[in-house]
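What follows is one structure encoded as structure tokens, with my remarks underneath.
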Amino acid sequence: MKKQKIKIRSIYPELYGGAYPVRSESDVPFFVHADVSAGAKDTAGLSVFLKYRKKGESGWQKAGMCPDVRENRFYGSFNPGGNTGRYEYTVEAVPSKSDDKPATYKILEVIIGPPYERYSAWYEMFHRSMGKTPGRSATFSDMKGRLPEIKRMGFDVLYLVPVHPIGRTNRKGPNNSLTAGPDDPGCPWSIGNETGGHKHVHPDLGTIDDFRDFVKECRKFEMEVALDLALSCSPDHPYVREHPDWFFRNPDGTLKPAENPPKKYEDTCPLNFYPGENGAAGAADDVREEMWQEMKSIFVFWIQQGVRIFRIDNPHTKPTEFWRWLINGIRDEYPDTVFLAEAFTYYEKMEELARIGFSQSYTYFTWRNTKNEIIEYFTKLTTSPVKDFMKGNLFTNTPDICPPIIQTGGSPAFKMRIALASTLSSVYGMYNGYELCESDAFPGTETYKNSEKYQYKVWDWDRPGNIKDYIAALNKIRRENPALHYYDNLIFYNSTNDNVVFYGKISPDPGSDEKNNVFVAVNLNPHELQLARLTLPLHKLSVGSGDNFVLEELITQKEYVCNDSEINVRLDPHKEPAYVFRVSSCEKKPVKGSRSGASPLANEHGRVFFELRERANKKDDFSARRELSTLYFNEVAPRVFIGEAYEADYAVQIN
Numbered sequence: 001m002k003k004q005k006i007k008i009r010s011i012y013p014e015l016y017g018g019a020y021p022v023r024s025e026s027d028v029p030f031f032v033h034a035d036v037s038a039g040a041k042d043t044a045g046l047s048v049f050l051k052y053r054k055k056g057e058s059g060w061q062k063a064g065m066c067p068d069v070r071e072n073r074f075y076g077s078f079n080p081g082g083n084t085g086r087y088e089y090t091v092e093a094v095p096s097k098s099d100d101k102p103a104t105y106k107i108l109e110v111i112i113g114p115p116y117e118r119y120s121a122w123y124e125m126f127h128r129s130m131g132k133t134p135g136r137s138a139t140f141s142d143m144k145g146r147l148p149e150i151k152r153m154g155f156d157v158l159y160l161v162p163v164h165p166i167g168r169t170n171r172k173g174p175n176n177s178l179t180a181g182p183d184d185p186g187c188p189w190s191i192g193n194e195t196g197g198h199k200h201v202h203p204d205l206g207t208i209d210d211f212r213d214f215v216k217e218c219r220k221f222e223m224e225v226a227l228d229l230a231l232s233c234s235p236d237h238p239y240v241r242e243h244p245d246w247f248f249r250n251p252d253g254t255l256k257p258a259e260n261p262p263k264k265y266e267d268t269c270p271l272n273f274y275p276g277e278n279g280a281a282g283a284a285d286d287v288r289e290e291m292w293q294e295m296k297s298i299f300v301f302w303i304q305q306g307v308r309i310f311r312i313d314n315p316h317t318k319p320t321e322f323w324r325w326l327i328n329g330i331r332d333e334y335p336d337t338v339f340l341a342e343a344f345t346y347y348e349k350m351e352e353l354a355r356i357g358f359s360q361s362y363t364y365f366t367w368r369n370t371k372n373e374i375i376e377y378f379t380k381l382t383t384s385p386v387k388d389f390m391k392g393n394l395f396t397n398t399p400d401i402c403p404p405i406i407q408t409g410g411s412p413a414f415k416m417r418i419a420l421a422s423t424l425s426s427v428y429g430m431y432n433g434y435e436l437c438e439s440d441a442f443p444g445t446e447t448y449k450n451s452e453k454y455q456y457k458v459w460d461w462d463r464p465g466n467i468k469d470y471i472a473a474l475n476k477i478r479r480e481n482p483a484l485h486y487y488d489n490l491i492f493y494n495s496t497n498d499n500v501v502f503y504g505k506i507s508p509d510p511g512s513d514e515k516n517n518v519f520v521a522v523n524l525n526p527h528e529l530q531l532a533r534l535t536l537p538l539h540k541l542s543v544g545s546g547d548n549f550v551l552e553e554l555i556t557q558k559e560y561v562c563n564d565s566e567i568n569v570r571l572d573p574h575k576e577p578a579y580v581f582r583v584s585s586c587e588k589k590p591v592k593g594s595r596s597g598a599s600p601l602a603n604e605h606g607r608v609f610f611e612l613r614e615r616a617n618k619k620d621d622f623s624a625r626r627e628l629s630t631l632y633f634n635e636v637a638p639r640v641f642i643g644e645a646y647e648a649d650y651a652v653q654i655n
């Protein structure tokens, strides 16, 4: 009798036929599904297993896979149990008859990273400006003083710009001027002088021991330190003297300055990652190996000081081959290391960097402002195959980018943009000064005036108009709602207003009795009040048609009783530019306060409303139409739309 051939197809996740590893994290199960067929027979007699192991181990562990209703698709998972590193996995189908051979899919790879790779809130600290003395840099000891406040705002990653000695040749002055005064500190991305290079700290900040103490202090506040590493050098870097062949030269022998068009960095020299190519055969490989090993040793050095997260400056201007080699080598020794790619370049290059190993990527969120732009961009990032290897870290601003919308939108724009960043993605960040609504930029540009990139600054971290409490509230909501801990569960829902975007996240945890849910409505116009009708996916939340449910608004901590999937909201950017909702059943979440529906004002407004409508419809009374519109928008809507003026009894009575 002819044996039936078992076929295993459509394994998910699988990246480019297994050419690259996919990603997951150590605190969540890794889910796999596959289509399995057995020729003309059904799959009832097959046992299907997910096989997995730590890379380098010989034996496999097995987890049974369960069929879905279609019967030829099987689902399984394994739990890393908090372990990071490289894992191999495959799917095996075993027939019931012992004389039939089992079928096994090819071996695939998944990189299991730490939880903060997927879920974290970053605070970018410009170290030199954390002090209180004008014209003098802060020290690592001074920086410790800000940790309680940064933690109170809810951040768990403290990201430091480069901490190394700064070059003197072609040093930049204030506002990126080409001439620096004797007391100007220069740009931290111009790395290296006579006191040291990438494995040293700037003497003004302290010593390596001081840096280690700072990292330990951050951990006491449950914050990881992320360090900015730029693989480029000032003309004064020791590498220039010790390894002159590692650098690009002009025809006259002078060092070429670094460029990232349209920007030019006169105080920095790019490294040539393929040095010695014009030398003798074989010599180039030796020189390159020496250089690449030295670059790797920089990362190892800082890992030994306690750093586990690296933000890489302009990785798209260095060879992809180098990054793949370096990241793989680092992860083999230190599997909990995270790499963030600061690559504002074309999509294909950003995705390539993620495929070859970068854990996170900067995004174009900074320039996505309209409803359609946001929906299109984030649908691609979180629902296309890109989500299996690339996680977008949404920065509201950077030392180089003061977005026009916050320059012109004031405090409402700052609140609106950080509400978006902190809820669209599970990982986001902001640059210090954002909490103060700092928006002083050169007209017509995204460049901050008097930027601390080129000069010392002393900030009043409590200055009037700050939004520190608002940021703390958002991060508290993130911590308390598991749905916001995930990256790829974002779904956009209907909003009737093009200035209001509405989206939600539901916890994918299959083990919970009631999944956590969060829904966010954001007014994208920082200047004007907006009304919108939103559609909640009640069918996903076990809420029956017509059933009452509680809608909690988590920023204002107000509660609303609803019984319809459509809700009306009123978003005043000068009060609350965004609402963050959570749906609960009335049985599980008792509602505070009375809901008697007794409202004389509602009765009066109802009477006037119908009188005006009759005059407007039957008598075509233009004055009545205007009065009706005024009554509705000024008196009725504020009280019945979800918002700061909502009155529960009024809404019940007038409805």
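Counted the way the numbering used here counts, the sequence shown spans residues 1 to 655. Ideal Cβ positions, reconstructed from N, Cα and C, are used throughout, including at glycine.
Beta-carbon contacts of residue i that lie in its chain and below 8 Å, excluding the five residues immediately before and after
i    : result
G81  : S26
E635 : H605
K371 : S495, D498, N499, V500, V501 and L524
K380 : V386
L340 : A226, I309, F310, R311, I312, F358, S359, Q360, S361, Y362 and N393
Residues near residue i by beta carbon distance below 7 Å, same chain, minus five either side
i    : result
P638 : R570 and A645
A616 : A624, R625 and L628
P508 : Y486 and N489
E222 : D156
F378 : L424 and L490
Whether residue i touches residue j by CB criterion (8 Å)
i    : j    : result
N475 : Y434 : no
E88  : F49  : no
T218 : D267 : Reading the sequence as shown, one finds Cys at residue 218 and not Thr. No. Outside cutoff.
L554 : V580 : yes
M65  : G76  : yes
G113 : V338 : yes
M430 : E149 : no
Y432 : F126 : Rather than Tyr, the amino acid found at residue 432 in this sequence is Asn. A contact, by the Cβ cut-off of 8 Å.
P165 : G192 : yes
P713 : Y454 : No answer is possible for residue 713: the residues shown for the chain start at 1 and end at 655.
CA nearest to the CA of residue i, picked from the options
i    : options                  : result
R86  : Y20, G131 and R136       : Y20
D183 : Y470, E289 and Y456      : Y456
W60  : F549, S47, D35 and I107  : I107
V287 : K296, V307 and P275      : P275
P270 : R311, K318 and I309      : K318
P403 : C66, P443 and Y347       : P443
K51  : E222, Y560, V94 and S232 : V94
M295 : P526, N655 and Y239      : Y239
S422 : E376, P399 and A472      : A472
V458 : R478, K575 and L436      : L436
I8   : N369, S585 and A38       : A38
Nearest-angstrom Cα separation, counted from residue j out to residue i
i    : j    : result
Y503 : R417 : 15 Å
R128 : I298 : 22 Å
M1   : V36  : Low local confidence applies: a pLDDT of 45 at M1 is under 50, so the model's placement there is unreliable, and no value is given.
F395 : D285 : 39 Å
G18  : S10  : 12 Å
E446 : F610 : 52 Å
I491 : T195 : 52 Å
T366 : T345 : 13 Å
D213 : R168 : 28 Å
A34  : R73  : 6 Å
P600 : S411 : 37 Å
C233 : R70  : 59 Å
T90  : L46  : 16 Å
F31  : P67  : 14 Å
H200 : P335 : 24 Å
D462 : K151 : 15 Å
I641 : N568 : The identity of residue 641 in the sequence shown is Phe, whereas the question assumes Ile. Distance between the alpha carbons of F641 and N568: 5 Å.
Sequence-distant residues of its chain with Cβ nearer than 6 Å to residue i (five each side left out)
i    : result
G131 : A138 and D142
S594 : Confidence at S594 is low in this model, with a pLDDT of 46, below 50, so its placement is unreliable and no value can be given for it.
S120 : D156, V157 and V427
Residue i CB to nearest heavy atom of the ligand ZN below 7 Å
i    : result
P464 : In the structure on display, the ligand ZN does not appear, and there are no ligands present to speak of.
message: For the stretch 195-213 against the stretch 244-258, do three or more pairs of beta-carbon atoms, one drawn from each stretch, fall closer than 8 Å, so that the two count as touching?
response: They do not touch, by the three-pair rule.
Sufficient close CB pairs (3 or more, under 8 Å) joining the stretch 211-228 to the stretch 248-262: The stretch 211-228, when compared against the stretch 248-262, does not touch it at the 8 Å Cβ threshold.
message: Assess contact between the stretch 412-426 and the stretch 477-496, defined as three or more Cβ pairs (one per stretch) separated by less than 8 Å. Is contact present?
response: With a cut-off of 8 Å on Cβ pairs, the stretch 412-426 is in contact with the stretch 477-496, counting three or more such pairs.
query: Per the contact definition of three or more C-beta pairs closer than 8 Å, is the stretch 345-357 in contact with the stretch 315-328?
result: Taking a cut-off of 8 Å for Cβ pairs, the stretch 315-328 and the stretch 345-357 touch, as three or more such pairs fall below it.
message: Taking contact to mean 3 or more Cβ pairs, one atom from each stretch, closer than 8 Å, check whether the stretch 96-105 and the stretch 60-79 are in contact.
response: Judged by Cβ distances under 8 Å, the stretch 96-105 makes no contact with the stretch 60-79, as fewer than three pairs qualify.
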